[in-house]
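**Q** For reference, the structure I am asking about is given below.
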Amino acid sequence: MTDLSQNNSTPVDKLKLARQEYQYSYTHIPPIAMVDKLPSNENFSTGWLRLLAKELKVVFINTLIANRGNRGSENVRDDVRLFFLEVLAKGALSFNLGVTARVLQIIPNLLLKGTSKDFSEIDELFFSILKESGLSIFQDSLSRVKSLLYEKRPTGHVSSLNDYQKLFPEMGIPKIADNFSTDEQFAYMRVAGYNPVMIERVNKLGDRFPVTEAQYQEIMGDDSLTAAGEEGRLYLADYGILEGAVNGTFPSQQKYIYAPLALFAIPKNSDNDESSLMRPVAIQCGQNPQDNPIYTPKSDKYAWLFAKTIVQIADANFHEAVTHLGRTHLLVGPFVVATNRQLPDSHPLNILLRPHFEGTLAINDAAQRSLIAPGGGVDKLLASTIDNSRVLAAVGLQSYGFNEAMLPKQLEKRGVYDTQKLPIYPYRDDALLIWNAIHAWVSDYLSIYYKNDDSVQNDTYLQNWAIEAGAYDGGRVPDFGQENGLIQTLDYLIDAITLIIFTASAQHAAVNFPQGDMMTYAPAVPLAGYQPASVLEGKVTQEDYLNLLPPLEQAQEQLNLVYLLGSIYYKTLGDYSDNYFKDTLVKPALQEFRNNLLEAEATIHQRNQNRPNYEYLLPSKIPQSINI
């Protein structure tokens, strides 16, 4: 056994210095614990900035051609050249000497021959700007450039879905545009989409959602609502947490948020993969049945599409504020602070966790200063007011008790663990693979340093870390720790660290990266509604449906934001740097972890031969940490 006390020999004064650097704030997103001021060593790495610069270039060129270009591949380079010359002529760039020098370097190419085929000069320009300004470029450095880029953009509500497709001249139209309106895709997104954590198994519906036997049988044929409930074939997506949210108006139009209920069912006697897929049965667009009629696939075409879209809007708002921001970013953040304040650099737990924290405080800090600040991207795009969105994130986290957040417990709590009752649930199946691999790795690693419960209880650094993470004047992690906020057993420690690493890697990957594939196309997943649900009281027309969707300027803003959020893959789960773990006892455990990840990769590829493709939890596509 490695001598833990020897590993904890870092001078106390180093921790004292860390506690001065890493201080909590409870006012950025009240009352959530976040780092007050970002320590300098938590800034984004050069490698990460280069990845962002590359994807910014993609967004820039696509937006330029959509708004101002000729939309012809042969003319793209000329369009880019002309735009940059206009930017220079109007003095839209104003930076320090370093960035100015970079601009001057590319001017000869712009004047004489345009840019290179891969637009590498633009990569370097964006990288230079990012190095100078960080993510504040989106509010400051590029504001005048952005204004020029957007001044000729398409605006207003569309007359056809084809208008949205014109926003992708260089990116290519997302595949989801082909089938987003089908009932099959709508149901599949509940188990393999960007927010695959909402459905719960229910035995019956009750008065709040009074679907009748007749309505159920009209959709499910020779079946019974009562029997489906008793047999575990009914699943509910309930967005009641959104009830009472205030409709937003920023930047200029009335937006609407909804609190629908959506019922899904597994057909009885399902005997193959296709027949085991969930089917949508009924939607109620608000929590009160007196004010909200029930719609089914047998309703008029546009009424049903309108109702499904309302569910998508609610799902997207819950996803962004709760599932994504609250239950990944804001859950992990306090552990980063507590680890730096309470665990010496040489402590084995600090060593294990550090790679899984890279970039997290930086992206959280950037988010609270710009993305989720008044006037930021969330304020522009989500349905509710920015104050409501921030409250929703806080409530979403505070209601997510740490000890109940373990993946197996979450699946059991929602009644979706049983593969016999719910055969097709790619998120569940693949997430459990990764959870088990991480759990085995954490168990093997920690067992090197802790041989029994006593050794856990006697590690003062560890206990101080645990107390601070859960303390009201510390990390405020809900329901963290065991008796008195301490960690009493090795088993609990293993589970807790597994959850932290899983959340920082796999869970964030599962809810972040589908954004780029599914949410860039606004009709598939609108971030806000632009018609009240009361439109459903009359005959719903195609025009009503199209007016529910985001206007083109909002759709383009949505495209650009979620593309960036879903495109930065920085480092990979299990890919620790060479010789990162100095302790030779760790190497066999690490190799076993990597082998388990390779096996998981192969298993997921095999599964995708027999189900609609789901790749978000392939280990090769899971970053090591939350950094975007």
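The numbering of the sequence shown is our numbering, which starts it at 1103 and goes up by one.
Note that CB positions come from ideal geometry on N, CA and C, so glycine has one too.
Smallest Cα separation from Pro-1457: which of Leu-1151, Val-1160, Phe-1162, Asp-1677?
**A** That would be Asp-1677, whose Cα lies nearest to the Cα of Pro-1457.
**Q** To the nearest angstrom, how far is the alpha carbon of Ile-1131 from that of Ala-1330?
**A** Between Ile-1131 and Ala-1330, the C-alpha separation is close to 42 Å.
**Q** Using three-state DSSP, classify Arg-1381 as helix, strand or coil.
**A** DSSP places Arg-1381 in strand when its eight states are reduced to three.
**Q** Would you be able to state if there are at least three C-beta pairs under 8 Å between the region 1140-1158 and the region 1666-1675?
**A** Yes, the region 1666-1675 touches the region 1140-1158.
**Q** Does DSSP classify Val-1313 as helix, strand or coil?
**A** Residue state, collapsed to three classes: coil.
**Q** Tell whether a beta-carbon distance below 7 Å holds between Met-1620 and Val-1613.
**A** Going by C-beta atoms, Met-1620 is not nearer than 7 Å to Val-1613.
**Q** For the candidate residues Thr-1425, Glu-1226, Gly-1517, Asn-1143, whose alpha-carbon lies nearest to that of Leu-1153?
**A** Minimum Cα distance to Leu-1153 is reached at Glu-1226.
**Q** Write down the C-beta distance between Ala-1464 and Asn-1145 rounded to the nearest angstrom, noting that I regard them as a contact closer than 8 Å.
**A** Yes, they are in contact, since the Cβ atoms of Ala-1464 and Asn-1145 sit about 6 Å apart, within 8 Å.
**Q** Give the DSSP-derived three-state secondary structure of Leu-1432 in the structure shown.
**A** Reduced to three states, the DSSP call for Leu-1432 is helix.
**Q** Nearest by alpha-carbon distance to Asp-1417: which of Pro-1616, Gly-1577, Asn-1297 is it?
**A** For the residues Pro-1616, Gly-1577, Asn-1297, the minimum Cα distance to Asp-1417 belongs to Asn-1297.
**Q** Under DSSP, the beta strand (DSSP E) around Ala-1367 begins and ends at which residues?
**A** Segment 1363-1367, the beta strand (DSSP E) holding Ala-1367.
**Q** List the residues that DSSP assigns as beta-bridge partners of Leu-1509.
**A** Answer by DSSP bridge pairing: none, since Leu-1509 is not bridged.
**Q** How many Å lie between Asn-1143 and Tyr-1128 at the Cα?
**A** So the two alpha carbons sit approximately 22 Å from each other.
**Q** Under the DSSP definition of a beta bridge, which residues are partnered with Tyr-1337?
**A** According to DSSP, which records beta bridges pairwise, Tyr-1337 is partnered with Arg-1303, Phe-1366.
**Q** When DSSP labels each residue in this structure, what does Ile-1396 get in the three-state scheme?
**A** Three-state result, Ile-1396: strand.
**Q** Is it true that the CB of Tyr-1360 sits closer than 7 Å to the CB of Ala-1657?
**A** No, these two residues do not count as a Cβ contact at 7 Å.
**Q** With a threshold of 6 Å (Cβ to nearest heavy atom), would Ile-1131 be considered close to the ligand SAM?
**A** Annotation note on the ligand SAM: not contained in the displayed structure, which lists no ligands.
**Q** Going by C-alpha to C-alpha distance, which of Cys-1387, Pro-1133, Met-1380, Leu-1187 sits closest to Gln-1633?
**A** The candidate whose alpha carbon is nearest that of Gln-1633 is Cys-1387.
**Q** Once DSSP output is grouped into helix, strand and coil, what is the label at Gln-1386?
**A** In this structure, Gln-1386 counts as strand in the three-state DSSP scheme.
**Q** Could you have a look at Gly-1572 and say whether DSSP puts it in helix, strand or coil?
**A** Note: Gly-1572 maps to helix in three-state DSSP.
**Q** Got a sec? Which residues, its chain only, sit under 7 Å from Gly-1295 by beta carbon, not counting five neighbours each side?
**A** Once the five neighbours on either side are set aside, the close Cβ partners of Gly-1295 are Pro-1616, Met-1620.
**Q** Quick check: what's the CA-CA separation for Asn-1586 versus Phe-1459?
**A** Using only the alpha carbons, I get a separation of about 26 Å.
**Q** Per the contact definition of three or more C-beta pairs closer than 8 Å, is the region 1531-1543 in contact with the region 1341-1358?
**A** No, because fewer than three Cβ pairs between the region 1341-1358 and the region 1531-1543 fall closer than 8 Å, the two stretches do not touch.
**Q** Residue range of the alpha helix (DSSP H) that Tyr-1551 falls in?
**A** Per DSSP, Tyr-1551 belongs to the alpha helix (DSSP H) from 1528-1551.
**Q** Count the other C-beta atoms from every protein chain shown that fall within 10 angstroms of the C-beta of Asn-1712, then say buried if there are 16 or more, exposed otherwise.
**A** Asn-1712 comes out exposed.
**Q** What three-state label does DSSP hand Val-1348 in the structure shown?
**A** In this structure, Val-1348 counts as coil in the three-state DSSP scheme.
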